Amino acid sequence: EAQVTQNPRYLITVTGKKLTVTCSQNMNHEYMSWYRQDPGLGLRQIYYSMNVEVTDKGDVPEGYKVSRKEKRNFPLILESPSPNQTSLYFCASKALGGYEQYFGPGTRLTVT
Amino acid sequence: SQQGEEDPQALSIQEGENATMNCSYKTSINNLQWYRQNSGRGLVHLILIRSNEREKHSGRLRVTLDTSKKSSSLLITASRAADTASYFCATEYGAGSYQLTFGKGTKLSVIP
Numbered sequence: 003e004a005q006v007t008q009n010p011r012y013l014i015t016v017t018g019k020k021l022t023v024t025c026s027q028n029m030n031h032e033y034m035s036w037y038r039q040d041p042g043l044g045l046r047q048i049y050y051s052m053n054v055e056v057t058d059k060g061d062v063p064e065g066y067k068v069s070r071k072e073k074r075n076f077p078l079i080l081e082s083p084s085p086n087q088t089s090l091y092f093c094a095s096k097a098l099g100g101y102e103q104y105f106g107p108g109t110r111l112t113v114t
Numbered sequence: 055s056q057q058g059e060e061d062p063q064a065l066s067i068q069e070g071e072n073a074t075m076n077c078s079y080k081t082s083i084n085n086l087q088w089y090r091q092n093s094g095r096g097l098v099h100l101i102l103i104r105s106n107e108r109e110k111h112s113g114r115l116r117v118t119l120d121t122s123k124k125s126s127s128l129l130i131t132a133s134r135a136a137d138t139a140s141y142f143c144a145t146e147y148g149a150g151s152y153q154l155t156f157g158k159g160t161k162l163s164v165i166p
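Rendered as structure tokens:
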């Protein structure tokens with residue numbers, strides 16, 4: 003089944019404790035992206051990647067890192083999480099020749 | 055920001071009625087897409103309309119695009135309780151760009 007998976011689905015952590023949210027897709031998509039969704043603000047793009055070893059900032063990259071060492075994986079790293087990074091995070095992927103983005107199920111992160 | 059703005063923010067209708075949601079954006083686009091999100095879950099692509107198209111249909115969905123007014127509308131006919139969800143417009147713009155910019159969404163409630 004074609005899908006984007008994210009882990010963990012729920013995470014509660016404390017300020018400053020490094021964490022990684024994994025994202026993996028099995029559709030051989032070149033393009034992958036991370037979004038955060040906050041009430042009243044909609045979805046905002048954090049980082050995106052056009053292919054392996056190619057990443058770029060989205061609209062709200064501060065406090066986040068990403069890497070794209072393999073085509074299927076695009077982990078989101080929070081080196082020192084803060085409470086303002088409490089949010090619902092989505093990973094998405096897309097074939098460069100297509101239009102539709104495929105979204106993962108989301109990761110709900112709470113930073114206390 | 056290219057962010058689209060949906061209108062209304064929330065819409066409540068009776069089952070069987072039609073639901074219309076609007077989206078406005080700021081500058082020229084390559085295409086405009088509509089996505090659906092069931093509460094707290096990943097977004098699902100519904101329909102795409104290219105900048106040179108004025109209307110598209112898919113099942114009970116009808117999308118229009120008015121590039122002169124920089125606006126789009128999504129019509130869901132004969133709504134069902136299962137249509138209850140949030141609906142987002144997303145614009146793709148810029149030559150060679152693969153990024154989508156999402157609006158804040160319209161929350162649709164269909165009352166059985």
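Quick mapping for you: the protein sequence lines, in order, are chains C and B.
Add 2 to a position in the first sequence, counting from 1, and you land on the number used in our numbering.
Add 54 to a position in the second sequence, counting from 1, and you land on the number used in our numbering.
All C-beta atoms, glycine included, are put in the ideal place defined by N, C-alpha and C.
Nothing here was measured: the structure is a model prediction, and the numbers come from that model.
{"Check": "Residue interval of the beta strand (DSSP E) (run including Ile79 (chain C))", "Outcome": "78 to 80"}
{"Check": "Which listed residue (B:Arg114, B:Glu71, B:Ala139) has its alpha carbon closest to that of Gln91 (chain B)", "Outcome": "B:Ala139"}
{"Check": "When C:Met34, C:Lys20, C:Thr57, C:Ser82 are compared against Phe105 (chain C), the one with the closest alpha-carbon", "Outcome": "C:Met34"}
{"Check": "Three-way DSSP call (helix, strand, coil) for Ala136 (chain B) in this model", "Outcome": "helix"}
{"Check": "Cβ contact (3+ pairs, closer than 8 Å) linking the segment 29 to 49 of chain C and the segment 87 to 100 of chain C", "Outcome": "yes"}
{"Check": "Interface flag, Leu90 (chain C) vs chain B, CB-CB below 8 Å", "Outcome": "yes"}
{"Check": "Extent of the continuous beta strand (DSSP E) to which Asp61 (chain C) belongs", "Outcome": "From DSSP, Asp61 (chain C) is part of no beta strand (DSSP E); its letter is neither H nor E."}
{"Check": "Helix, strand or coil at Asn86 (chain C) according to DSSP, with G and I counted as helix", "Outcome": "helix"}
{"Check": "Three CB pairs or more closer than 8 Å across the segment 55 to 67 of chain C and the segment 66 to 77 of chain B", "Outcome": "no"}
{"Check": "Closer than 8 Å at the beta carbon, the chain C residues around Lys158 (chain B)", "Outcome": "Gly42, Leu43, Gly44"}
{"Check": "Stretch pair the segment 40 to 53 of chain C + the segment 79 to 88 of chain B: three plus CB contacts closer than 8 Å", "Outcome": "no"}
{"Check": "Residue nearest to Arg114 (chain B) in terms of C-alpha spacing, selected from B:Pro166, B:Gln87, B:Asp137", "Outcome": "B:Asp137"}
{"Check": "Met29 (chain C) burial status per 10 Å Cβ neighbour count (16 or more: buried)", "Outcome": "exposed"}
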